[in-house]
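Peer 1:
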Amino acid sequence: MSKILIIGAGGVSRVATKKCAMNSEVFTSITLASRTKSKCDLIAKEIEDELGIKIDTAKVDADNVEELVELIGRVEPDLVLNVALPYQDLTIMDACSACKVHYVDTANYEHPDEAKFEYKLQWQRDEDFKKAGVMALLGSGFDPGVTNVFCAYAQQYLFDEINYIDILDCNAGDHGYAFATNFNPEINLREVSAKGRYWEDGKWIETEPMEIKMVWNYPKVGPKDSYLLYHEEMESLVKNIKGLKRIRFFMTFGESYLTHMKCLENVGMLGIEPVEHNGTKIVPIEFLKTLLPDPATLGPRTKGKTNIGCVISGLKDGKAKKVYIYNVCDHEACYKETKAQAVSYTTGVPAMIGSKLILEGKWSGKGVFNMEQFDAKPFMEELNKQGLPWEIIEMEPSESFEVK
Ligand code: NDP
């Protein structure tokens with residue numbers, strides 16, 4: 000008997016909520032709350048019509064700790080799953096530690112006025128969670144999330160020492176629009192227009208945005224232009240993976256996406272500072288979000304696959320070893336199952352799995368944790384059962400999926 004309270008009612012929430020309902024032996028009571036209650040009601044109705052599982056709904060402003068505490072007090076959940084936006088991470092964490100309830104999210108805290116994400120303020124809440132006797136699991140999406148678990152699995156079961164990790168995120172989906180983002184446009188554009196960064200020999204090396212490009216030949220997808228970005232899972236992996244000499248993150252982007260983004264950036268549309276327009280203050284990137292297609296509407300139009308995984312090399316029994324662990328997901332299959340495209344699916348499923356493992360007591364602790372701090376095996380097993388099967392290629396140490 001476990002109660003979950005899910006906060007946020009966007010694309011990721013749609014998948015996570017449905018997957019919780021499909022695991023109703025663990026999630027015996029589900030409440031979905033968000034800023035716009037009608038969006039919760041819509042998701043709840045679809046799930047009830049299809050699976051016969053009742054989902055309670057509520058309205059909440061997750062920027063407001065008091066409102067959250069009141070809601071948590073009323074619902075009395077065992078765990079709160081935060082699939083709202085990264086801006087709400089701290090308020091929801093504070094409400095959870097105050098109410099002594101477990102917390103799970105999928106993205107690093109970010110302040111709305113500063114395009115910078117880091118774990119510092121979330122890790123600082125470790126004592127609060129310890130005192131409350133509950134746990135916070137950070138970044139239980141795909142990347143961060145499954146990518147951390149792939150690295151943990153390699154460290155725990157495949158290698159004696161890991162030296163190099165390349166996280167490769169390929170979305171080869173085509174939605175037919177000249178320009179749209181696959182998840183919240185504001186968060187997505189802030190992430191990809193920022194400077195790149197990777198970690199080598201104990202220090203961070205900064206690059207200009209999109210300065211480093213490589214072509215990776217993604218299994219079951221093919222060769223794609225991939226750009227080095229800073230991505231949040233690297234911050235915890237450099238702490239928790241022993242022997243690491245370098246970790247990088249690459250994401251695929253098409254020509255059209257990059258040209259549009261550069262142009263929008265050049266004219267100031269990615270700005271996060273308010274500007275005066277006809278006597279009204281507007282934040283350019285928020286206005287742009289209003290103009291762009293809602294990522295939730297891309298589902299029925301998107302065709303193609305995603306491939307996200309990690310190429311990991313190091314030592315086993317004194318010999319060089321290299322593996323590629325990845326998941327391939329098909330946009331149309333995801334839509335058929337959940338009415339959401341693969342980017343929401345690959346995030347919503349691990350969000351449910353992280354919550355499930357905590358509620359089942361398979362992942363337990365007091366304080367604030369990242370994914371790689373737990374035994375990877377139960378999570379890897381759940382991925383295979385819950386719709387995100389993974390594959391592993393044993394590579395020759397000299398072999399590479401890079402296309403020169
Ligand atoms: P959406 O923009 O589709 O949905 C966000 C939801 O949060 C909306 O329902 C929104 O409400 C709600 N919300 C926003 N502000 C508040 C607030 N103050 N109070 C209550 N509810 C609020 O985003 P996605 O579903 O695409 O993404 C959800 C999360 O998943 C984000 O944090 C994103 O960064 C993360 N993510 C993680 C990935 C990973 O692999 N780890 C990959 C992709 C996304 P309203 O409907 O009223 O606007």
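So for the sequence shown, numbering that gives the first Met the number 0 puts the first residue at 0; every next one is plus one.
Beta carbons are placed, not taken as given, at the ideal position from N, Cα and C, and that holds for glycine.
1) Would L136 and G353 qualify as a contact pair, given that the criterion is a beta-carbon distance under 7 Å?
2) Per DSSP, what are the beta-bridge partners of S255 in this structure?
3) Return the residue from the list E254, A43, Q123 and V25 that minimises the CA-CA distance to A32.
4) Any heavy atom of the ligand NDP within a distance shorter than 6 Å of the CB on V11?
5) Can you tell me whether T90 is helix, strand or coil according to DSSP?
6) With which residues is W362 paired in a DSSP beta bridge?
7) Could you tell me whether any non-hydrogen atom of the ligand NDP is closer than 6 Å to the CB of T90?
8) Just how far apart, CA to CA, sit M233 and T279?
9) Is V82 near the ligand NDP - that is, is its Cβ less than 6 Å away from at least one heavy atom of it?
10) DSSP puts L31 in a beta bridge; with which residues?
11) Here's a check: name, in chain order, each residue in its chain whose Cβ is nearer than 6 Å to the Cβ of V342, leaving out the five neighbours to either side.
12) Taking three-plus beta-carbon pairs below 8 Å as touching, is the segment 368-379 in contact with the segment 140-153?
13) Grab the span of the beta strand (DSSP E) containing S225 for me, first residue to last.
14) How about V68 and A97: are their beta carbons less than 7 Å apart?
15) Comparing C-alpha positions only, which one of N277, T56 and N187 sits nearest to E231?
16) Take S255 and list the residues in its own chain whose beta-carbon comes closer than 7 Å to its own, dropping the five residues that flank it on each side.
17) What does the alpha-carbon distance come out to for the pair G9 and M268?
18) For M351, which option in C19, G132, G253 and F286 has the closest C-alpha, if you only look at C-alpha atoms?
19) Could you compute how far the alpha carbon of G303 sits from the alpha carbon of H174?
20) Any idea what DSSP makes of M213, helix, strand or coil?
21) Excluding sequence positions up to five away, which residues of its chain have a Cβ less than 6 Å from the Cβ of V14?
22) Taking the alpha-carbon positions, what's the T301 to N170 distance?
23) What do you get for D88, buried or exposed, if any count of 16 or more other CB atoms within 10 angstroms of its CB means buried?
24) Per DSSP, which one or two residues make a beta bridge with I357?
25) If N326 sits next to I307, beta carbons under 8 Å apart, how far is it from one beta carbon to the other, in whole angstroms?
26) The alpha helix (DSSP H) spanning N22 covers which residue range?
27) Give the DSSP-derived three-state secondary structure of Y344 in the structure shown.
28) Closest by CA to I204, which one among G221, D62 and F248?
29) Determine the contact status of I6 and N63, defining contact as a CB-CB distance below 7 Å.
30) Go ahead and pull the three-state DSSP assignment for K194.
Peer 2: Inspection of the coordinates gives the following:
1) yes
2) Residue pairing by DSSP places S255 opposite no residue, since no beta bridge is assigned to it.
3) A43
4) yes
5) T90: helix per DSSP, three-state reduction.
6) None; W362 has no bridge partner.
7) no
8) 40 Å
9) yes
10) I5 and T56
11) N181 and F182
12) In short, these stretches touch, since the Cβ pair count reaches three.
13) Counting along the chain, the unbroken beta strand (DSSP E) around S225 starts and ends at G221 to L227.
14) Taking a C-beta distance under 7 Å as the contact criterion, V68 and A97 qualify as a contact pair.
15) N187
16) A177 and F178
17) 23 Å
18) C19
19) Between G303 and H174, the C-alpha separation is close to 9 Å.
20) strand
21) T337, A339, S343, Y344 and G347
22) 11 Å
23) buried
24) I357 is not bridged to any residue.
25) 6 Å
26) No alpha helix (DSSP H) holds N22; DSSP gives it neither H nor E.
27) helix
28) F248
29) no
30) Correct three-state label for K194: coil.
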